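Only one structure is covered here, and it is reproduced in the block below.
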Amino acid sequence: MKEAIIVAAGRKEYEKLITVWESSVRATHHFLSENDIMTYRSLILTEYFDQVRLYAVNFEKEVMGFIGINKKSIQMLFIHPDARGKGLGKTLIDFARDKHDVNTVDVNEQNEQAVGFYEKLGFVTFERSEQDGAGKPFPILSMALQQ
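The numbers in the sequence shown follow this note's numbering, run straight up by one, and end at 154.
Have a look at this one:
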């Protein structure tokens, strides 16, 4: 794999991060309507990014993914569709585990690719919520790493 570089991200990177987010969501979150995507996009830019420690992964000199961490939990992990399958998601998970002692993640149950990705890395579901954090009817699985 070509070298992936992880860097702390802040407000000046929000536009690049939201571009990655939107591309990723459109490729994987087929259960969301256009209105849902625009609503979440706004919430992420105005609230959610500010609630986590953000780290971007640069690959071939471009921001191709990012992770948002709160305490010991992954709150968001998105990889640009053009960079999927290159190990960037696992690189971000390893970084979060090794540098921030992260051991849990919440993931949309309907995003079966993401659920499978986390399961492959050793995460196991321990709780299910009928609604997401915004109160919308998109079930969330809370998963934890099995040591």
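The C-beta atom is built at its ideal place from N, Cα and C for all residues, glycine as well. Just so you know, these numbers come straight off a predicted model, no measurement behind them.
Quiz item: So who's on the other strand from Phe-85, going by DSSP bridges?
Solution: Within the sequence shown, residue 85 is the residue found at index 78, counting from 1. Paired residue(s): Phe-73.
Quiz prompt | Distance between Val-70 and Ile-147 (C-alpha atoms, nearest Å) | solution = Within the sequence shown, the letter at position 140 stands for residue 147. Within the sequence shown, the letter at position 63 stands for residue 70. So the alpha carbons of these two residues sit roughly 27 angstroms apart.
Practice problem: Could you name the residues that DSSP lists as bridge partners for Glu-134? | Solution: Mapped onto the sequence shown, residue 134 falls at position 127. Beta-bridge pairing links Glu-134 to Ser-149.
Quiz item: Mind checking Ala-15: buried by the 16 CB within 10 Å criterion, or exposed?
Solution: Looking up residue 15 in the sequence shown gives position 8. With fewer than 16 other Cβ atoms within 10 Å, it is exposed.
Quiz item: Do you know offhand how far Arg-139's Cα is from Thr-26's?
Solution: Here residue 139 corresponds to residue number 132 of the sequence shown, with the count starting at 1. Here residue 26 corresponds to residue number 19 of the sequence shown, with the count starting at 1. According to the sequence provided, residue 139 is Asp. The question's Arg does not apply to it. When rounded, the distance between both Cα atoms is 22 angstroms.
Quiz item: Are the beta-carbon atoms of Ile-86 and Val-112 separated by less than 8 angstroms?
Solution: Indexing the sequence shown from 1 puts residue 86 at position 79. Indexing the sequence shown from 1 puts residue 112 at position 105. Cβ distance not < 8 angstroms, so Ile-86 and Val-112 don't count as in contact.
Quiz item: Which residues share a DSSP beta bridge with Val-64?
Solution: Translated into positions along the sequence shown, residue 64 becomes position 57. Ile-13, Gly-72, per the DSSP bridge assignment.
Quiz prompt | With 16 other Cβ atoms within 10 Å as the buried cut-off, status of Ala-121 | solution = The residue you call residue 121 lines up with position 114 of the sequence shown. Label assigned to Ala-121: buried.
Quiz item: For Ala-11, does the count of other Cβ atoms within 10 angstroms reach 16, so buried, or fall short, so exposed?
Solution: The sequence position of residue 11 within the sequence shown is 4, counting from 1. Result: buried.
Practice problem: Can you tell me which of the three DSSP states Val-114 falls into? | Solution: If you number the sequence shown from 1, residue 114 lands on position 107. DSSP places Val-114 in strand when its eight states are reduced to three.
Self-check item: Endpoints, alpha helix (DSSP H) assigned at Val-32
Solution: Locating residue 32 in the sequence shown gives position 25, counting from the first residue. Segment 21-35, the alpha helix (DSSP H) holding Val-32.
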